[in-house]
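Those letters in the sequence shown? Residues -25 to -1, 1 to 308, per mature numbering (1 follows the signal peptide of the UniProt record, and there is no 0), in order. Read through the structure below, which is laid out as structure tokens, and then see the notes.
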Amino acid sequence: MLRRDVMKAAAGAALATGAAGSAQAQAPTRWDISIPWGPAEFHTVNAQRFATEVRNATNGAVQTTVHAGGSLGVRANETVRAVGDGVVPMAEFAAFQNVGDLPILGIESIPFLISNYDELQIMHSLVRPIWERELERRNQTVLYMCPWPTQLFYFKRPIATAADLRGIRMRTYDRVTAEMCTRLGMVPQQLTNPDVVPALASGRIDAVMTSGTTAVAQRYWEFLKHAYVTNHLWATNLMVVNNDVWRRLPAATRTTIADLGKRLEPEFWNVSKGEHTVRMGELQQHGMTVEEPSPALLQALRQATTTMGDDFARANPVAAPILQQFRSRVGRA
């Protein structure tokens, strides 16, 4: 507990006040929200909307402040630990970036497992209870979840076949995407979002995998010219709150905020669904070529990664029944 208290003080996190007395008689509960994405990215905009709605729904009793761009000093791949330890009371994180603490968060990264938003919802219906249970064990509660849009590969030069990938230093998310790149002859470089542009500028990497949202936010056209809509994985962000501060709120207030997250989550998904087309247009306006991968390249991507789902299940036994149920429900058993 001493270490946790010291970390809280160092981060300047404002913890919830006691629940005794009416909300009007107390000073507002103030929480900082750590966000690794830039202020203009839609996940950050969603978080700002949530913060506003929380303040309104609680009549100002709970006030949250979004800190974008990792400005609170919490690295994206350390968020699960930071929230659990109370370094920050709230944060949003990408599931795939925190597999070091909770490997089952990487199930969406299995290449070509999930084809579209409808299938992603099926996967979430199966895996979300496990994610929530495991995060509860790590002292945090999920308030809402929202996926990134379709994923792409971005390169400096055209890529027609798997042979063109050999030796390319590709930015990856986690162990699963690193394995994917290795199988394709690329050299994986695992980086969080803030580290990508410096790595491109220094020549540490030659290519990037991410959504159009991040590509536009980070102006990839200044370094990369060709984008391929591979849709090779899905990625979801989770907004979480530290349970120590969460449980200090009155039960009715917790219910209000939890219900708000449930109500807004479908709206946030709709924002995500609209992102891809808009961002592809922006990339093209800035001179980037955006296209589907060639049939030969797509076949090579699928063939090279066909066993990775089974590999993931062997490394994470809890995933085996989830994958079996998912494949059955989407007709790929």
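The C-beta atom is built at its ideal place from N, Cα and C for all residues, glycine as well.
Should Glu16 be labelled buried (16 or more other beta-carbon atoms within 10 Å of its own) or exposed? Here residue 16 refers to the residue found at position 41 of the sequence shown. Glu16 comes out buried.
On the premise that Ala294 lies in contact with Ile79, defined as a C-beta separation below 8 Å, what is that separation, rounded to the nearest angstrom? As a working note, residue 79 is residue 104 in the sequence shown. As a working note, residue 294 is residue 319 in the sequence shown. Correct: roughly 6 Å between the Cβ atoms.
Just to confirm, is the Cβ distance from Pro296 to Leu208 under 7 Å? For this step, residue 296 is matched to residue 321 along the sequence shown. For this step, residue 208 is matched to residue 233 along the sequence shown. Not closer than 7 Å, so no.
Under 7 Å, do Leu66 and Val58 count as touching if we go by C-beta distance? Numbered from its first residue, the sequence shown carries residue 66 at position 91. Numbered from its first residue, the sequence shown carries residue 58 at position 83. The sequence given here places Ala at residue 66; Leu does not occur at that position. Yes, the Cβ-Cβ distance between Ala66 and Val58 is below 7 Å.
Could you say if the segment 248 to 260 and the segment 180 to 196 meet the contact criterion of at least three C-beta pairs nearer than 8 Å? yes
Other residues of its chain near His42: CB distance less than 8 Å, five sequence neighbours each side excluded: On the sequence shown, position 67 is the one that residue 42 refers to. Asp7, Ile8, Ser9, Ile10.
With DSSP as the reference, label Ser247 as helix, strand or coil. Along the sequence shown, one-based indexing puts residue 247 at 272. In this structure, Ser247 counts as helix in the three-state DSSP scheme.
Got a sec, what are the start and stop residues for the beta strand (DSSP E) Val216 sits in? As a first step, residue 216 must be located in the sequence shown, where it is residue number 241. Residues 211 to 217.
Reference Thr19; option with closest CA among Val246, Asp170, Leu273: As a first step, residue 19 is located in the sequence shown; it is residue number 44 there, counting from the start. Checking every option, the nearest Cα to that of Thr19 belongs to Val246.
How close, in whole Å, do the beta carbons of Leu175 and Phe130 come, if the pair is a contact with beta carbons under 8 Å? Here residue 175 refers to the residue found at position 200 when the sequence shown is read from its first residue. Here residue 130 refers to the residue found at position 155 when the sequence shown is read from its first residue. Wrong, their Cβ atoms sit about 11 Å apart, outside the cutoff.
Can you confirm whether the segment 25 to 35 touches the segment 141 to 158 when touching is taken to mean that 3 or more C-beta pairs between the two stretches lie within less than 8 Å? no
Met184 - containing beta strand (DSSP E), residue span: Numbered from 1 along the sequence shown, position 209 holds the residue referred to as residue 184. Counting along the chain, the beta strand (DSSP E) containing Met184 begins and ends at 182 to 186.
Where does the unbroken beta strand (DSSP E) through Leu118 begin, and where does it stop? Residue mapping note: residue 118 aligns to position 143 of the sequence shown, counting from 1. Leu118 -> beta strand (DSSP E) spans 115 to 122.
Residue range of the alpha helix (DSSP H) that Phe25 falls in? Within the sequence shown, numbered from 1, the residue matching residue 25 stands at position 50. Unbroken alpha helix (DSSP H) run through Phe25: 17 to 32.
Quick one, which of Ala202, Phe287, Leu298, Ala233 has its alpha-carbon nearest Thr264's? Position 289 of the sequence shown holds residue 264. Ranking Ala202, Phe287, Leu298, Ala233 by Cα distance to Thr264 puts Ala202 first.
Residues sharing a beta bridge with residue 332, DSSP: Any question about residue 332 goes unanswered here, given that the chain covers just -25 to 308.
Can you list, in chain order, the stretches of the alpha helix (DSSP H) that have 4 or more residues and sit fully within the segment 253 to 283? 270 to 280
How about Gly25 and Cys121: are their beta carbons less than 7 Å apart? Reading the sequence shown from its first residue, position 50 is the one you call residue 25. Reading the sequence shown from its first residue, position 146 is the one you call residue 121. First, the residue type needs correcting, since residue 25 is Phe and not Gly in the sequence shown. Contact: no.
Apart from the five residues on each side of it in sequence, which residues of its chain come closer than 6 Å, Cβ to Cβ, to Arg304? Within the sequence shown, residue 304 is the residue found at index 329, counting from 1. Same-chain partners within the cutoff: Ile97.
CB Leu127 to CB Ala279, shorter than 7 Å? The sequence position of residue 127 within the sequence shown is 152, counting from 1. The sequence position of residue 279 within the sequence shown is 304, counting from 1. Cβ distance not < 7 Å, so Leu127 and Ala279 don't count as in contact.
Report the option in Gln38, Gly44, Ile232, Leu272 whose CA atom is closest to the CA atom of Ala138. Position 163 of the sequence shown holds residue 138. Per the Cα distances, Leu272.
Give me the residue from Arg150, Asp285, Pro173, Met145 with the minimum Cα distance to Val162. Within the sequence shown, the letter at position 187 stands for residue 162. When only C-alpha atoms are compared, the closest one is Met145.
Starting from Phe130, trace the beta strand (DSSP E) in both directions and tell me its first and last residue. Residue numbering aside, residue 130 sits at position 155 when the sequence shown is read from its first letter. First-last of the beta strand (DSSP E) with Phe130: 126 to 130.
Between the segment 216 to 234 and the segment 108 to 117, can you find at least three pairs of beta-carbon atoms closer than 8 Å? yes
Report all residues from its chain with a CB closer than 7 Å to the CB of Glu107; omit the five preceding and five following residues, and keep chain order. The sequence position of residue 107 within the sequence shown is 132, counting from 1. Excluding residues within five positions, the ones whose Cβ falls inside 7 Å are Val117.
Between Glu53, Ala288, Tyr148, Ala290, which lies nearest to Val63 when the distance is taken from Cα to Cα? Mapped onto the sequence shown, residue 63 falls at position 88. Among Glu53, Ala288, Tyr148, Ala290, the Cα nearest to that of Val63 belongs to Glu53.
According to DSSP, simplified to helix, strand and coil, what is residue 318? No answer is possible for residue 318: it lies beyond the span of the chain, which begins at -25 and ends at 308.
Just the C-alpha distance for Gly262 and Trp196, rounded to the nearest angstrom, thanks. Mapped onto the sequence shown, residue 262 falls at position 287. Mapped onto the sequence shown, residue 196 falls at position 221. About 7 Å.
With DSSP collapsed to three states, give me the class of Met161. By 1-based counting over the sequence shown, the position of residue 161 is 186. Of the three classes helix, strand and coil, the one that applies to Met161 here is coil, per DSSP.
Given this structure, state the Cα-to-Cα distance separating Ile101 from Gly284, to the nearest angstrom. Along the sequence shown, read from residue 1 onward, the residue named residue 101 stands at position 126. Along the sequence shown, read from residue 1 onward, the residue named residue 284 stands at position 309. Note that residue 101 is Leu in the sequence shown here, rather than Ile. One C-alpha to the other measures close to 16 Å.
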